[in-house]
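**Q**
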Amino acid sequence: MWGLYVRIALEGPRIRFEGLQMVSGGSYSASGYFLQGASVSRLGCRKFKTPHDMKYLIALVFVVFCAPSVLAQTDFADRLHMEEKSFRASNGTKVLGLSGTLAVPENRNNPGSETLQIGFVRLKSKAENPQAPLVYLAGGPGVASTWHAEEPRSLKRWLPYLELGDVILVDQRGTGAGQPRVLSYYLEGLPEDVLVSADRMQEYYTRLMAHTQQDFAERGVDLAGYTTVQNAQDIDELRQALGIEKVSLYGFSYGTHLGQAYMKYYGDHVENAVLIGVEGLNHTVKLPMSMDLQFQKLAQLVAADPEVSQQEPDLMALYRRVAAKLDATPAEVEVTNPLTEEPMVVKVGSYGLNLMMRFDVGDASDLPVFPRLLYTMDQGDYSVLTWFVRKRITSFYGVSGMSMTMDEASGATPSRWQQIAEQSETSAFAEVTNFGAGWGWEAPDLGDEFRAPLVSPVRTLFMSGTLDFNTPPYQAEEVRWGMANSYHIVVGHAGHEQIMYHPEAQKAIIRFLKGEDVSEVTVSYPPLEFIPVTGKPKLRNSHPSVDD
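Okay, structure coming up:
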């Protein structure tokens, strides 16, 4: 963050310029200087008595207020590298842009920090009067953005936004080309019973975390720099380096968390904000009852389904029955060992089932198969369960240091931790809701000032999905409480990943960015169509776990 500090003392008719300090990673300062003429020197000062003398005061004000941009341009000249590049969307549209990197410290709190390269693509608009550039903040934390420019179908989705202004795709620190630096693998082998209980998983992860943190230390990776605050600083330094006064933000999931941090510390440089799947500054650690409520809602939808309800009317009772069976005798599923590519058996208890469901209970593309998952398990058939375990098994062999540290640093306030503890006493899913949180991963604490509610005048559009467990709609309402100039569109029957892709949602975002009122917009997908618990599913609502 650039900070400009100017000390001017009034000494009778004289104005004394006492100092200037600017900080961005390193420090640049000049103190104890006096105004003499239109320049700054150590030895003199000037009296302002005549209109002619006032020209020098005007010159001083000009120097003071222009100094940030002058110094910034000098500083960024060696740190910013970019080149012209063209991209092509799937409909054949050619898009011109700039592809580049910005050098930033890995940890701004460490004077001897290594340097990271933040990758970005600035897609150029052909609009005659372009709006503020739109900066896309991806989710995760740990998801890159610049690939959107290279992938033709994804690039096509950005074409309507380019009619308004430039679009900037940023690979956050530790993503894109920087991802290998923050990845570490644990190759000691996965215990057969790791999915049987929370204790077995935590024992394994304790060893994994100790190994990977030692690996990062030996490689000189300073994970203390991977926080949302420093992530936001990267975004603002890129804004400055590109010579942009104001940007609009487009954040998804973790990107909304990052976007709010940017608005908190750099809000004067934000024109509009679109926040989709909202994670507030104190929402990183989730409330266990959110998953219980999500599952109860799913059970209600199943009970209302005319076909599936005839086969299995009570999803909650079915779940409890299956969980009890797994506690008595864990299921055994065969997956491929990612290290040896040989078959291996993994035992799955009720903890493992809960964990598999937790990963996908907010995704409307997987929710339709949940009744069949539980029904087949109740019958002793673990084929659908096997698909879910295969889908996730490789994630237990390593960590993203960026992702782990970002989340741990954001943390939660004491009152939220207390709420989590109270809910954990009765929640069926308490052991899996916050997988890995509080297990001893070392990270700086951003503090409760960071987590305090955001109060901002920035014009903001919130979007949520009625089936989104990851970032339920009430979180957006909590954040919106401090946003006087905001809208909230709740997309019916949308899970976490489906919110932004509804065509009407996209149109609403464009209208919002144009400055239009979108308070009357309603958006919804068709109701979920569940896969029958037995028999071959219809083509229109099939699922890979059944197709396999």
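Heads up: the sequence shown at position 513 corresponds to 528 in the working numbering, and the numbers run straight through without jumps.
For every residue, glycine included, the Cβ atom is placed at its ideal position computed from N, Cα and C.
Contact between the region 516-527 and the region 490-500: three or more CB pairs below 8 Å?
**A** Touching, no, given that fewer than three Cβ pairs across the two stretches are closer than 8 Å.
**Q** Report the residue from 446, 438, 536, 210 whose alpha carbon sits nearest the alpha carbon of residue 401.
**A** On the sequence shown, residue 401 is found 386 positions in, with the first residue counted as 1. Residue 210 is the option with its Cα nearest to residue 401.
**Q** Let me confirm a value: residue 124 is counted as buried when at least 16 other C-beta atoms fall within 10 Å, else exposed. Which label applies?
**A** Along the sequence shown, read from residue 1 onward, the residue named residue 124 stands at position 109. The residue is exposed, with fewer than 16 neighbouring Cβ atoms inside 10 Å.
**Q** Does the distance from the C-beta atom of residue 267 to that of residue 292 stay below 8 Å?
**A** For the purposes of this step, residue 267 is taken as the residue at position 252 of the sequence shown. For the purposes of this step, residue 292 is taken as the residue at position 277 of the sequence shown. Result yes, Cβ atoms of residue 267 and residue 292 sit closer than 8 Å.
**Q** Residue 437: buried (16+ other C-beta within 10 angstroms of its C-beta) or exposed?
**A** Residue mapping note: residue 437 aligns to position 422 of the sequence shown, counting from 1. It is exposed - the Cβ of residue 437 has fewer than 16 other Cβ atoms within 10 Å.
**Q** On the CB-based measure, 16 or more other CB atoms within 10 Å of its CB, does residue 256 come out buried or exposed?
**A** Position 241 of the sequence shown, counting from 1, holds the residue named residue 256. So residue 256 counts as buried.
**Q** Out of 102, 188, 101, which one is the CA nearest neighbour of residue 133?
**A** Numbered from its first residue, the sequence shown carries residue 133 at position 118. It is 188 whose Cα lies nearest to the Cα of residue 133.
**Q** Any contact between the region 150-157 and the region 181-201? By contact I mean 3 or more CB pairs, one from each, below 8 Å.
**A** A contact exists between the region 150-157 and the region 181-201.
**Q** Identify whether residue 108 lies in helix, strand or coil by the three-state DSSP scheme.
**A** One-based indexing of the sequence shown puts residue 108 at position 93. Three-state DSSP puts residue 108 in coil, outside helix and strand.
**Q** For residue 185 and residue 394, what's the separation of their Cα atoms in angstroms?
**A** Along the sequence shown, one-based indexing puts residue 185 at 170. Along the sequence shown, one-based indexing puts residue 394 at 379. The alpha-carbon atoms of residue 185 and residue 394 are separated by roughly 48 Å.
**Q** So which of 375, 520, 415, 424 has the shortest CA-CA distance to residue 404?
**A** On the sequence shown, position 389 is the one that residue 404 refers to. For residue 404, the nearest C-alpha among the options comes from 375.
**Q** Under the assumption that residue 420 contacts residue 131 (Cβ atoms under 8 Å), give the Cβ distance between them as a whole number of angstroms.
**A** Along the sequence shown, one-based indexing puts residue 420 at 405. Along the sequence shown, one-based indexing puts residue 131 at 116. Between residue 131 and residue 420 the Cβ distance is about 14 Å, and since that is not below 8 Å, they are no contact.
**Q** Label residue 549 either buried or exposed according to how many other C-beta atoms from any shown protein chain fall within 10 Å of its C-beta, with 16 as the threshold for buried.
**A** The residue you call residue 549 lines up with position 534 of the sequence shown. Burial call: exposed.
**Q** Could you please give the first and the last residue of the uninterrupted beta strand (DSSP E) stretch that includes residue 133?
**A** Reading the sequence shown from its first residue, position 118 is the one you call residue 133. Run containing residue 133: 130-138, per the beta strand (DSSP E) assignment.
**Q** Nearest to residue 506 by alpha carbon, out of 553, 360, 542, 104?
**A** Numbered from 1 along the sequence shown, position 491 holds the residue referred to as residue 506. Comparing Cα-Cα distances from residue 506 to each of 553, 360, 542, 104, the minimum goes to 542.
**Q** Are the Cβ atoms of residue 303 and residue 164 separated by less than 8 Å?
**A** One-based indexing of the sequence shown puts residue 303 at position 288. One-based indexing of the sequence shown puts residue 164 at position 149. The answer is no: Cβ separation not under 8 Å.
**Q** Between which two residues does the alpha helix (DSSP H) containing residue 448 stretch?
**A** Within the sequence shown, numbered from 1, the residue matching residue 448 stands at position 433. From DSSP, the alpha helix (DSSP H) with residue 448 extends over 445-448.
**Q** Just to confirm before moving on: does the CB-CB distance between residue 358 and residue 351 stay below 8 Å?
**A** The residue labelled residue 358 in the question sits at position 343 within the sequence shown. The residue labelled residue 351 in the question sits at position 336 within the sequence shown. It is a contact, given that the beta carbons lie within the stated cut-off.
**Q** Which of the three DSSP states, helix, strand or coil, is assigned to residue 73?
**A** Here residue 73 refers to the residue found at position 58 when the sequence shown is read from its first residue. Note that residue 73 scores a pLDDT of 42, beneath 50, so its modelled location is shaky; the value from the coordinates is reported in the next line. Helix.
**Q** Mind checking whether residue 385 and residue 372 have CB atoms under 8 Å apart?
**A** For the purposes of this step, residue 385 is taken as the residue at position 370 of the sequence shown. For the purposes of this step, residue 372 is taken as the residue at position 357 of the sequence shown. For residue 385 and residue 372, yes; Cβs fall inside 8 Å.
**Q** Please name the residue in 287, 116, 177 whose C-alpha comes closest to that of residue 142.
**A** Working through the sequence shown from its first residue, we reach residue 142 at position 127. Cα-wise, what sits closest to residue 142 is 177.
**Q** Return the bridge partner residues of residue 116 from the DSSP annotation.
**A** Against the sequence shown, residue 116 aligns to sequence position 101. Note: residue 116 sits in a beta bridge opposite 96, 134.
**Q** Alpha carbon to alpha carbon, what distance is there between residue 128 and residue 331?
**A** Numbered from 1 along the sequence shown, position 316 holds the residue referred to as residue 331. Numbered from 1 along the sequence shown, position 113 holds the residue referred to as residue 128. Spanning the two alpha carbons is a distance of roughly 52 Å.
**Q** Rounded to whole angstroms, what is the Cα-Cα separation between residue 559 and residue 388?
**A** The residue labelled residue 559 in the question sits at position 544 within the sequence shown. The residue labelled residue 388 in the question sits at position 373 within the sequence shown. Distance between the alpha carbons of residue 559 and residue 388 is about 12 Å.
**Q** Excluding sequence positions up to five away, which residues of its chain have a Cβ less than 8 Å from the Cβ of residue 580?
**A** It is not possible to answer for residue 580, since the shown part of the chain is limited to 16 through 563.
**Q** By the DSSP assignment, the beta strand (DSSP E) with residue 435 in it spans what residues?
**A** Residue mapping note: residue 435 aligns to position 420 of the sequence shown, counting from 1. Careful: residue 435 lies outside any beta strand (DSSP E), inside the alpha helix (DSSP H) at 429-439.
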